[in-house]
Amino acid sequence: MSSHPLRQVIEACDKAISEKDYDALMAYYAEDAALVVKPGMTVQGKEAIRNAFIAIADYFQGQLVVEQGDMQVIEGAGNALVIMETRLRFPGGDGTPVEITRRATYVFRQEDNGRWLCTIDNSYGTELLG
1 MSSHPLRQVI EACDKAISEK DYDALMAYYA EDAALVVKPG MTVQGKEAIR
51 NAFIAIADYF QGQLVVEQGD MQVIEGAGNA LVIMETRLRF PGGDGTPVEI
101 TRRATYVFRQ EDNGRWLCTI DNSYGTELLG
């Protein structure tokens, strides 16, 4: 479902993450959004999400690259569930490139002006179930 407008939104978010442009990134999040930082750790609110992304970038020494793969969007009641492949690239501990693909789940809310804002960002998807 590559033609859905949320593909462009997510591409812009991934670009902002890779470029560490947190102002651009935060423009796509609802004020009360939640981010799964890692299994067992979720933060809520734009300021906490911004700080989490800064900490994530620091953890990956500023070399995390995020891209999207296949995507499905299910819309209902002004919301959209996005199920997609999230591809991560970063240098491993020994410097060799590491590539991980996750099956992420995201929830977006469509505002009255038509703009989509992320309300739940879960790059771990159903992996959270164990």
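Using full-length UniProt numbering, read the sequence shown as starting at 1 and increasing by one per residue. Every residue, glycine too, gets a C-beta built ideally from N, C-alpha and C.
{"Item": "Quick one: which unbroken beta strand (DSSP E) runs of 3-plus residues sit fully inside the region 77-115? Chain order, please.", "Value": "79-91 and 97-110"}
{"Item": "In the DSSP assignment, find the unbroken alpha helix (DSSP H) run with D58 in it and report its ends.", "Value": "K46 to Y59"}
{"Item": "Taking 8 Å as the threshold (C-beta atoms), are T119 and A55 in contact?", "Value": "no"}
{"Item": "By a C-beta neighbour count over all protein chains shown, 10 Å radius and 16 as the cutoff for buried, is A16 buried or exposed?", "Value": "buried"}
{"Item": "Leaving aside the five residues before and after T105 along the sequence, list all residues of the same chain whose C-beta is less than 6 Å from its C-beta, in chain order.", "Value": "I83, N122 and G125"}
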